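J.: Residue numbers (this note's numbering): 551 to 906. Heads up, the beta-carbon is just placed ideally off N, CA and C, and yes, glycines get one too. Quick caveat: nothing in here was measured; it's all calculated off a predicted structure.
#1: Taking the C-alpha atoms as reference points, what is the distance between residue 859 and residue 778?
#2: Where do the ends of the alpha helix (DSSP H) carrying residue 787 lie?
#3: How is residue 681 classed by DSSP in three states: helix, strand or coil?
#4: Tell me where the beta strand (DSSP E) around residue 688 begins and ends.
#5: Hey, would you say residue 686 sits closer than 8 Å to residue 631, going by beta carbons?
#6: For residue 754, count neighbouring C-beta atoms within 10 Å of its own C-beta (all shown protein chains included) and say buried if the count is 16 or more, exposed if not.
#7: For a minimum of 4 consecutive residues, which ranges assigned as the alpha helix (DSSP H) are wholly contained in the region 696-756?
#8: Under a three-way DSSP split, which group does residue 604 fall into?
#9: Roughly how many angstroms separate the alpha carbons of residue 744 and residue 761, rounded to a whole number?
#10: Label residue 801 either buried or exposed according to how many other C-beta atoms from any shown protein chain fall within 10 Å of its C-beta, with 16 as the threshold for buried.
#11: For the candidate residues 902, 881 and 601, whose alpha-carbon lies nearest to that of residue 721?
#12: Are residue 659 and residue 700 closer than 8 Å when you measure CB to CB?
#13: CA-CA distance, residue 798 and residue 821?
#14: Rounded to a whole number of angstroms, what is the C-alpha to C-alpha distance between residue 886 and residue 666?
#15: Name the DSSP bridge partner or partners of residue 904?
#16: Residue ranges of each beta strand (DSSP E) run of no fewer than 3 residues wholly in the region 613-685, ordered along the chain?
#17: Assuming contact is defined by CB atoms lying nearer than 8 Å, are residue 806 and residue 840 in contact in what I supplied?
#18: Taking one C-beta from the region 633-652 and one from the region 687-698 each time, how about it: are there three or more such pairs within less than 8 Å?
#19: From the DSSP output, in three-state form, read off residue 811 for me.
#20: Quick one: residues in its chain with C-beta nearer than 8 Å to the C-beta of residue 626, no 5 flanking neighbours on either side, listed in chain order?
#21: Please list the terminal residues of the continuous alpha helix (DSSP H) segment that includes residue 873.
#22: Which residue marks the beginning of the alpha helix (DSSP H) containing residue 765, and which one marks its end?
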């Protein structure tokens with residue numbers, strides 16, 4: 551389960567001795583956020599839950615409404631299928647509502663959005679991860695950016711205020727609408743991962759970011775490091791490259807450029823770099839649910855679950871350490887990475903043995 555980048559680092563290391571658990575704990579602490587009072591973001595525990603809120607707005611034309619509905623239901627099925635989300639962990643607010651569709655929780659309007667967030671605020675535990683996905687149309691002008699919903703539209707500032715109740719949860723927001731950049735900039739905050747379909751309010755035409763983002767999740771196509779999980783970083787990069795190819799293949803000038811922010815500076819990057827600006831949190835924010843004792847099945851399930859969580863924690867530590875490389879002395883970086891990768895290789899091997 552050691553991913554490709556980690557394998558390259560392992561090959562460059564001469565020492566192969568295993569370090570004590572006490573040393574590992576020190577190492578894991580060293581790669582955590584250092585700011586006073588700052589908690590560990592996207593560090594799942596055995597009881598961590600993941601929730602999804604899909605907000606699918608209104609459409610002026612039937613063809614757009616059909617497309618938005620198709621994307622939303624398709625993503626719902628991917629989450630409950632390949633990723634094992636329980637239906638009660640997903641809230642889908644769709645246009646004017648659809649009482650005949652069991653996957654739809656209600657209409658997408660200000661009141662239902664507030665109600666959904668209030669319910670989730672009461673149910674989500676500290677450390678839970680909440681993914682908000684906005685699908686539909688967006689608008690922006692000098693007065694601000696809006697997401698088009700039933701009734702009065704909602705602004706980025708207003709949506710950001712609603713998210714303030716989740717100060718103890720890990721938040722990911724993906725806005726796939728047109729002119730989404732300023733809306734997303736208003737949501738930026740420490741610890742949040744924000745993805746936008748556009749890089750400015752001038753990109754106001756139909757977007758297809760949602761289509762390729764969902765494709766990234768399907769069959770885990772975006773899993774570049776082959777650790778059997780898909781991070782928001784991987785999904786973003788997959789969708790961005792597929793979009794570029796689509797515009798090139800169709801001989802069209804790109805009218806959307808996806809961007810990402812996860813350092814809280816409200817400046818979404820079209821080409822994020824975890825070592826320079828954005829991406830370090832997106833690399834450790836995974837769509838996959840946290841394994842529970844019910845899975846994998848079999849007599850060794852509890853042991854396997856414990857090892858899975860350890861592997862995930864070590865992979866997280868590797869990513870965070872790599873993003874800090876430029877600010878660490880070369881010798882110190884090599885020593886810390888060696889410790890992590892040796893233990894990751896050993897733990898991954900133990901997990902394979904347990905599963906077999």
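T.: The answer reads as follows:
#1: The sequence position of residue 859 within the chain shown is 309, counting from 1. The sequence position of residue 778 within the chain shown is 228, counting from 1. Each residue's Cα considered, the two are about 14 Å apart.
#2: As a first step, residue 787 must be located in the chain shown, where it is residue number 237. Counting along the chain, the alpha helix (DSSP H) containing residue 787 begins and ends at 782-799.
#3: The sequence position of residue 681 within the chain shown is 131, counting from 1. In this structure, residue 681 counts as strand in the three-state DSSP scheme.
#4: In the chain shown, the residue the question calls residue 688 occupies position 138. Taken as a continuous stretch (DSSP letters only), the beta strand (DSSP E) holding residue 688 covers 688-691.
#5: One-based indexing of the chain shown puts residue 686 at position 136. One-based indexing of the chain shown puts residue 631 at position 81. Not closer than 8 Å, so no.
#6: Taking the chain shown and counting its residues from 1, one reaches residue 754 at position 204. Buried, since its Cβ has 16 or more Cβ neighbours within 10 Å.
#7: 706-713 and 731-735
#8: Here residue 604 corresponds to residue number 54 of the chain shown, with the count starting at 1. Reduced to three states, the DSSP call for residue 604 is strand.
#9: Along the chain shown, read from residue 1 onward, the residue named residue 744 stands at position 194. Along the chain shown, read from residue 1 onward, the residue named residue 761 stands at position 211. One C-alpha to the other measures close to 18 Å.
#10: Locating residue 801 in the chain shown gives position 251, counting from the first residue. Burial call: exposed.
#11: By one-based count along the chain shown, residue 721 stands at place 171. Taking only the C-alpha atoms, the option nearest residue 721 is 601.
#12: Along the chain shown, one-based indexing puts residue 659 at 109. Along the chain shown, one-based indexing puts residue 700 at 150. Taking 8 Å as the Cβ cut-off, residue 659 and residue 700 qualify as a contacting pair.
#13: Residue 798 sits at position 248 when you count from the first residue of the chain shown. Residue 821 sits at position 271 when you count from the first residue of the chain shown. Near 18 Å, if we compare the C-alpha coordinates of residue 821 and residue 798.
#14: Here the question's residue 886 lines up with position 336 in the chain shown. Here the question's residue 666 lines up with position 116 in the chain shown. Going by the C-alpha atoms only, they are around 43 Å apart.
#15: The count along the chain shown starts at 1 and reaches residue 904 at position 354. Per DSSP, none; premise fails for residue 904.
#16: 640-644 and 679-685
#17: Here the question's residue 806 lines up with position 256 in the chain shown. Here the question's residue 840 lines up with position 290 in the chain shown. Not in contact: residue 806 and residue 840 (Cβ atoms no closer than 8 Å).
#18: no
#19: The sequence position of residue 811 within the chain shown is 261, counting from 1. Correct three-state label for residue 811: strand.
#20: Against the chain shown, residue 626 aligns to sequence position 76. Within the same chain, residue 626 has close Cβ partners 604, 640, 642 and 653.
#21: Position 323 of the chain shown, counting from 1, holds the residue named residue 873. 851-873 is the extent of the alpha helix (DSSP H) around residue 873.
#22: Position 215 of the chain shown, counting from 1, holds the residue named residue 765. Residues 759-767.
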